[in-house]
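Engineer: Next up is a structure, given as structure tokens.
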């Protein structure tokens with residue numbers, strides 16, 4: 079096991095003006111489960127492939143266990159990779175697929191057999207050892223791909239969206255198995271996904287990338303509660319945070335005639351920057367429909383319901399709040415037992431302490 | 044209206060299935076008959092060659108033609124292997140020698156074209172290099188040129204380098220038109236192997252070369268089989284190139300060389316009576332390698348022709 083480090087690592091493809099990964103500085107500690115997340119084209123897979131030695135590093139360095147591996151071929155890096163498509167060898171049985179990297183390494187046959195059996199036992203693959211990949215289901219193939227990585231006992235696991243080809247139910251189940259396996263083996267793991275739910279549930283830390291640049295790297299809870307910029311705020315969390323550009327009067331953001339007071343540090347930072355507008359971020363959890371008789375003094379918005387989504391365990395209400403020049407579209411969490419109807423005009427309480435404020439020009443978080 | 048009970052409903056469903064199967068079977072009878080007729084038309088010349096190879100000379104020109112030999116003999120085969128082919132004035136090699144020449148030429152053409160096209164297809168399918176697009180277009184254009192129209196320019200070039208009327212010249216002449224097809228076809232097979240699999244091999248400890256031999260090569264084996272058949276048939280069956288470039292003036296290992304196709308045609312000579320029995324017997328032997336080859340690899344051929352068509 080070892081730590082993994084990117085030092086100003088950049089990858090620019092020939093003929094392209096913008097780098098796919100731009101000066102990435104990231105350290106993955108020994109035994110840590112690091113998730114790289116971001117939309118398509120953010121550079122997360124490229125960053126993983128740079129670590130694997132499958133993409134060139136235009137500048138900067140990559141280290142595995144304090145050893146610089148920047149120019150080393152994949153076979154010299156002592157890493158094991160699980161691909162999105164599993165990349166099982168179709169002409170080999172499951173047993174031979176698992177044994178392949180050990181055979182390449184020159185491991186003796188008795189030891190090879192033993193390690194293959196151990197991995198098969200761990201992943202419940204023993205009944206499948208004589209089958210070919212085409213005779214396996216998607217979930218079974220995924221486990222064989224994991225097994226092929228485990229037998230090698232590498233310094234780091236690299237996983238490139240290994241769950242994206244599974245159905246939703248199997249994805250949830252396998253996600254938990256991967257997390258448990260990593261905790262048990264304690265191997266440094268770098269995991270790429272575009273699914274922020276996967277990122278938040280699997281990783282010890284999550285690195286959010288956009289256009290090749292690292293936006294924020296932090297524990298999932300902090301990413302959710304303290305996004306450093308508008309992009310991270312909008313990317314992390316489902317449904318996405320309500321983000322609106324609103325007039326700022328020195329202490330509050332104006333939603334039509336309603337003043338939504340901003341948290342003290344954020345308002346102070348906005349005043350110091352001389353901003354006349356701010357981007358106000360409110361998670362759906364921070365907005366809740368209230369009854370007419372509730373008079374706790376909270377900031378309220380009068381909104382019209384234009385869509386109700388009842389997902390069973392949760393309910394999300396899409397609202398129009400009066401504002402200039404056009405109504406604001408907001409999503410609020412509602413009690414599924416007391417859902418408003420489409421077209422209803424309701425009052426929505428705003429928990430201002432949970433508001434996030436961002437600079438409209440740079441998108442950077444204001445305040446803490 | 045009578046309502047159907049549970050058993051009645053199941054019975055209706057079963058009857059519907061049987062009717063559907065019968066309809067499918069009835070529908071396929073005209074198609075089967077048509078296929079049998081076409082097969083019979085195609086197979087009849089081969090059948091006639093087969094039975095005439097075993098007929099005594101007296102029965103060969105019998106009228107009406109005997110569709111089943113009254114007598115069976117192996118004398119024609121004995122004649123084919125012991126009597127030299129009759130050329131105009133130059134002594135001709137034996138049938139066995141000409142078969143040997145055909146085998147050598149065909150196998151060398153297959154081996155050489157497979158070796159070159161294997162690595163060439165890997166290069167055009169996997170790597171980006173300057174001129175790759177132009178090369179691909181050139182491979183396509185080369186296949187559009189009729190094989191026969193290349194004969195004269197190839198002859199001229201081989202003559203210039205002093206190789207004409209030699210076995211290596213014939214091998215070169217066959218490899219030239221075969222390569223564009225084999226490279227293009229194998230390229231499809233290599234491209235159909237997902238890049239992920241090769242990258243997985245690299246991360247599993249392989250070098251580029253060992254990833255190719257241990258992972259890609261086994262997966263494109265059906266493609267190799269399909270393209271080697273094409274090369275083999277071209278080199279084995281051809282007459283025009285073999286007669287023009289090698290003719291009966293060529294030499295091999297110090298002895299006279301001509302291919303079996305040229306030897307067979309040499310039996311038809313206006314200066315003497317054509318030995319039809321010997322000709323049919325030799326022709327039957329000539330077709331055997333290709334038939335055996337096809338019988339052995341026919342399953343892989345079908346897989347090979349379609350495997351590269353759809354990306355995995």
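Protein chains in written order, with my numbering: chain C, 79 to 446; chain H, 44 to 355.
Where a beta carbon is used, it is the ideal one built from N, C-alpha and C, also for glycine.
A quick note: this is a predicted structure, and the numbers were derived from the prediction, not measured.
What are the residues of the segment 128 to 147 of chain C that lie near chain H, defined by any Cβ-Cβ distance shorter than 8 Å?
Structural biologist: Cβ contacts with chain H come from 130, 131 and 132.
Engineer: Taking the Cβ atom as the reference point for each residue, do residue 274 of chain H and residue 316 of chain H lie within a distance shorter than 7 Å?
Structural biologist: Against a cut-off of 7 Å, the Cβ pair of residue 316 of chain H and residue 274 of chain H comes out as no contact.
Engineer: Report yes if the C-beta distance between residue 355 of chain C and residue 326 of chain C is below 7 Å; otherwise report no.
Structural biologist: Result yes, Cβ atoms of residue 355 of chain C and residue 326 of chain C sit closer than 7 Å.
Engineer: Hey, out of H:83, H:117 and H:98, whose CA is closest to residue 108 of chain H's CA?
Structural biologist: H:98
Engineer: Taking CB distances under 7 Å as the criterion, tell me whether residue 200 of chain H reaches chain C.
Structural biologist: no
Engineer: Does any residue of chain C bring its CB to less than 7 Å from the CB of residue 245 of chain H?
Structural biologist: With 7 Å as the cut-off, residue 245 of chain H counts as an interface residue toward chain C.
Engineer: Distance check for residue 207 of chain C and residue 252 of chain H, CA to CA, integer angstroms please.
Structural biologist: 27 Å
Engineer: Leaving out five residues on either side along the sequence, give the residues of the same chain with a beta carbon under 7 Å from the beta carbon of residue 347 of chain C.
Structural biologist: 444 and 445
Engineer: What residues in the segment 226 to 253 of chain H bring their beta carbon closer than 8 Å to a beta carbon of chain C?
Structural biologist: 237, 239, 240, 242, 243, 244, 245, 246, 247, 248, 249, 250 and 253
Engineer: Taking 7 Å as the limit between beta carbons, can you name the residues of its chain near residue 259 of chain H, skipping five residues before and five after?
Structural biologist: If you ignore the 5 residues before and after residue 259 of chain H, its C-beta comes within less than 7 Å of the C-beta of 233, 236 and 241, all in its own chain and listed in chain order.
Engineer: Rounded to the nearest angstrom, what separates residue 233 of chain C and residue 382 of chain C at their Cα positions?
Structural biologist: 56 Å
Engineer: Mind listing which residues of the segment 173 to 188 of chain C have their C-beta closer than 8 Å to chain H's C-betas, in chain order?
Structural biologist: If the cut-off is 8 Å between Cβ atoms, the segment 173 to 188 of chain C has 178, 179, 182 and 183 near chain H.
Engineer: Taking the beta carbon of residue 71 of chain H as the centre, do at least 16 other beta carbons fall within 10 Å, making it buried, or is it exposed?
Structural biologist: exposed
Engineer: How many whole angstroms separate the CB atoms of residue 290 of chain C and residue 98 of chain C, which I take to be in contact at a CB cut-off of 8 Å?
Structural biologist: 5 Å
Engineer: Residues of the segment 252 to 273 of chain H with a CB closer than 7 Å to any CB of chain C: list them in chain order, please.
Structural biologist: Residues of the segment 252 to 273 of chain H with a C-beta less than 7 Å from any C-beta of chain C: 258, 261 and 262, listed in chain order.
Engineer: So what's residue 140 of chain C in DSSP terms, helix, strand or just coil?
Structural biologist: strand
Engineer: For residue 213 of chain H, which residues in the same chain have their Cβ closer than 8 Å to its Cβ, ignoring the five residues on either side in sequence?
Structural biologist: 148, 284, 285, 288, 289, 293 and 302
Engineer: For residue 379 of chain C, which residues of its own chain have a beta-carbon under 7 Å away from its beta-carbon, when the five flanking residues on both sides are left out?
Structural biologist: 333, 336, 399, 426 and 428
Engineer: Below 7 Å CB to CB, which residues in the same chain sit around residue 401 of chain C once its five sequence neighbours on both sides are set aside?
Structural biologist: Taken in chain order, the residues that qualify are 333 and 334.
Engineer: At a CB-CB cut-off below 9 Å, which residues of chain H make contact with residue 91 of chain C?
Structural biologist: Chain H residues near residue 91 of chain C: none, gap ~11 Å exceeds 9 Å.
Engineer: To the nearest angstrom, report how far apart residue 174 of chain H and residue 92 of chain C are at their CA atoms.
Structural biologist: Rounded to the nearest angstrom, the two C-alpha atoms are 16 Å apart.
Engineer: When we look at the beta-carbon of residue 217 of chain H and count the other beta-carbons within 10 Å, is it buried (16 or more) or exposed?
Structural biologist: buried
Engineer: Taking its Cβ as the centre, do 16 or more other Cβ atoms sit within 10 Å of residue 269 of chain C, making it buried, or is it exposed?
Structural biologist: buried
Engineer: Find out if the Cβ-Cβ distance for the pair residue 95 of chain H, residue 323 of chain H is shorter than 7 Å.
Structural biologist: The criterion of a C-beta distance shorter than 7 Å is satisfied by residue 95 of chain H and residue 323 of chain H.
Engineer: Any C-beta of chain H sitting closer than 7 Å to the C-beta of residue 163 of chain C?
Structural biologist: yes
Engineer: Is the segment 183 to 194 of chain H close to the segment 110 to 123 of chain C, with three or more CB pairs under 8 Å?
Structural biologist: no
Engineer: Measure the alpha-carbon distance for residue 116 of chain H versus residue 151 of chain H and round it to whole angstroms.
Structural biologist: 35 Å
Engineer: Who are the Cβ neighbours of residue 441 of chain C in its own chain at under 8 Å, not counting the five residues just before and after it?
Structural biologist: 307, 308, 309 and 357
Engineer: Taking a Cβ distance cut-off of 7 Å, strictly less, list which residues of the segment 244 to 270 of chain C are near chain H, in chain order.
Structural biologist: So nothing in the stretch comes that close.
Engineer: At least one CB of chain H closer than 7 Å to the CB of residue 159 of chain C: is that the case?
Structural biologist: yes
Engineer: In the DSSP output, what is residue 359 of chain C paired with across the bridge?
Structural biologist: Residue 359 of chain C is bridged to C:321 and C:434.
Engineer: Specify, as a first and last residue, the run of the beta strand (DSSP E) that residue 111 of chain C falls within.
Structural biologist: In the DSSP annotation of this structure, the continuous segment of the beta strand (DSSP E) that includes residue 111 of chain C starts and ends at 111 to 115.
Engineer: Following the continuous alpha helix (DSSP H) through residue 227 of chain H, name the residue where it begins and the one where it ends.
Structural biologist: 210 to 235
Engineer: Checking contacts by CB at 7 Å: is residue 153 of chain C closer than that to chain H?
Structural biologist: yes
Engineer: Looking at the C-beta of residue 84 of chain C, does it have a partner C-beta in chain H at a distance below 7 Å?
Structural biologist: In terms of beta-carbon proximity, residue 84 of chain C stays away from the interface with chain H, with every pair separated by 7 Å or more.
Engineer: Since residue 272 of chain C and residue 118 of chain C should fall inside the 8 Å C-beta cutoff, what is the C-beta to C-beta distance between them, to a whole number of angstroms?
Structural biologist: 7 Å
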